[in-house]
Structure formats: structure tokens, C-alpha cells
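Here the structure comes first, spelled out in C-alpha cells, and everything after it is commentary.
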Amino acid sequence: TISPGNTSRTNSAPTAASAELSEAKIKEFIRNSAFIDNFYHKVAPILCDGKTSRQGNENQKYNHPTGYQAVIREGNNQVLVVVHTFYDEPFNIQVILPENTSYQTIEFYGRNQIEYTIKNQVLTIKGMEELEGAAFLLR
Numbered sequence: 239t240i241s242p243g244n245t246s247r248t249n250s251a252p253t254a255a256s257a258e259l260s261e262a263k264i265k266e267f268i269r270n271s272a273f274i275d276n277f278y279h280k281v282a283p284i285l286c287d288g289k290t291s292r293q294g295n296e297n298q299k300y301n302h303p304t305g306y307q308a309v310i311r312e313g314n315n316q317v318l319v320v321v322h323t324f325y326d327e328p329f330n331i332q333v334i335l336p337e338n339t340s341y342q343t344i345e346f347y348g349r350n351q352i353e354y355t356i357k358n359q360v361l362t363i364k365g366m367e368e369l370e371g372a373a374f375l376l377r
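Quick note on numbering: the sequence shown equals residues 239 to 377 in our numbering.
Structure below.
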């Protein structure tokens, strides 16, 4: 560090804990990158050939949006639901799914603390925080 009147510089070596943290963060990044790449390959057919709808709040405040939005993309006998929360997010988010006899979750991408259920064509999501996203691949 350099302080006023002091022209000497001291370099502090990283501690073992910070080196372990950095290594853990790198491993987490690699693991997440691999998951995202795998997830993308699973949803690519829906993205290329599907139909999109949107649910959620109609925001007039683009600098401070509130509530949530859900983008539903259906195609190839699958449904991709991407949910984003904004400010003042609701406690429970309910997304009405396209008509189907029953849905099964193929893949989920989001924090482990997010809880969700599917019943009667409704995806109910709990535990999302402000400015957070999650994605659900359903069949």
C-alpha cells in the first residue's frame, strides 16, 4: 500500500484461504458454464422453432421495474419458462402453462433455495429474490 509521504510499496501475498476461495470460485464457474452449455443444447430446438408468450406485470417504469415477467416458449413437445423478478417481487409467482395433461421438469436452472411445484397447468414458484432469474425446461 502507498500512503501520503510514503513512497514505498508493500505487496501482501495471498493467504491460503483466499487462494482456496479463488480455486473454489473457478471450479464453480467451470461447473456453471458446463451446466449452462448443456442446458442451452437442450433448449435450442425450442428456441429455433417455437411459440412465445409472456406473463407478468406490465411495467411503465423501465428505470425501476416491479414485479416479475415470465417468458414461455413452447415447441418440440417441450416448454421453456424463463422467469425474472424485478423490484418489489411477489412472494408467490404463478405461471399458467400451455394446456397439457401433465408436466414433468426436465431441467431447472436457478438458486437451490427456489422452490417450485406444477399442478393443474400452473407453475408456482417461491423463494425468488429481487433481480433474480430462473429457467425451467418442462415436458
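For glycine and all other residues, C-beta sits at the position ideal for the given N, C-alpha and C.
| Item | Value |
| --- | --- |
| Selection from Ile363, Tyr278, Phe267 that minimises the alpha carbon distance to Glu234 | It is not possible to answer for residue 234, since the shown part of the chain is limited to 239 through 377. |
| Segment limits, beta strand (DSSP E) that includes Arg311 | 306-313 |
| Residue from Ser271, Val309, His302, Asn297 with nearest C-alpha to Leu285 | Val309 |
| Enclosing beta strand (DSSP E) for His322 [first to last residue] | 316-323 |
| Run of the beta strand (DSSP E) containing Phe329, from where it starts to where it stops | That residue, Phe329, is in no beta strand (DSSP E); it is neither H nor E in DSSP. |
| Neighbourhood of Phe346 by C-beta, 6 angstroms cutoff - its chain only, sequence neighbours within 5 removed | Phe374 |
| Residue environment, Leu369, which counts as buried when at least 16 other CB atoms sit within 10 Å | exposed |
| Best match in Gln342, Gln298, Asn350, Asp275 for proximity to Val319 [C-alpha to C-alpha] | Gln342 |
| Rounded Cβ spacing between Gly288 and Glu261 (contact assumed at less than 8 angstroms) | Not confirmed; about 40 angstroms, so no contact. |
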